[in-house]
Amino acid sequence: MTSAPRPPISEPDPSTFTCSGGLVGPCCGCQRKTHKYGSGGLPLCQWCMTPVQEGWGSTVRFTSTRPKVL
Ligand SMILES: [Zn+2]
Numbered sequence: 401m402t403s404a405p406r407p408p409i410s411e412p413d414p415s416t417f418t419c420s421g422g423l424v425g426p427c428c429g430c431q432r433k434t435h436k437y438g439s440g441g442l443p444l445c446q447w448c449m450t451p452v453q454e455g456w457g458s459t460v461r462f463t464s465t466r467p468k469v470l
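Residue numbering for the sequence shown follows the numbering used here, beginning at 401 and increasing consecutively.
If you want it as structure tokens, here you go:
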């Protein structure tokens with residue numbers, strides 16, 4: 401498998417371009433700016449998250465942490 405080269409940590413995660421600046425925080429892995437807080441936020445940037453998700457397999461998702469109330 402090949403993956404896109406990881407840019408220097410001075411480059412923010414692309415997710416920061418589509419979220420409010422108030423939701424941006426440092427990646428837990430590399431301290432890169434990433435969309436960390438709020439809906440859709442992750443504690444890791446996409447470059448740190450990808451190998452973690454591969455380790456989890458396809459059954460674990462971040463779709464929602466809220467309980468479903470019907
Ligand atoms: Zn990172």
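All residues carry an ideal CB built from backbone N, CA and C; glycine is no exception.
Cβ distance (whole Å) where residue 443 is taken to contact residue 433 below 8 angstroms: Position 43 of the sequence shown, counted from the start, is the residue given in the question as residue 443. Position 33 of the sequence shown, counted from the start, is the residue given in the question as residue 433. Not quite, the Cβ-Cβ distance comes to about 13 angstroms (not below 8 angstroms), so this is no contact.
Contained alpha helix (DSSP H) runs [length at least 4] in the segment 408–464, N- to C-terminal order: 446–456
task: Name the residue from 430, 408, 436, 428 whose alpha carbon lies nearest to the alpha carbon of residue 420.
output: Numbered from its first residue, the sequence shown carries residue 420 at position 20. Closest by alpha carbon: 436.
message: On the criterion of 16 or more Cβ atoms from any shown chain inside 10 Å, does residue 456 qualify as buried, or is it exposed?
response: Walking along the sequence shown from the start, residue 456 turns up at place 56. With fewer than 16 other Cβ atoms within 10 Å, it is exposed.
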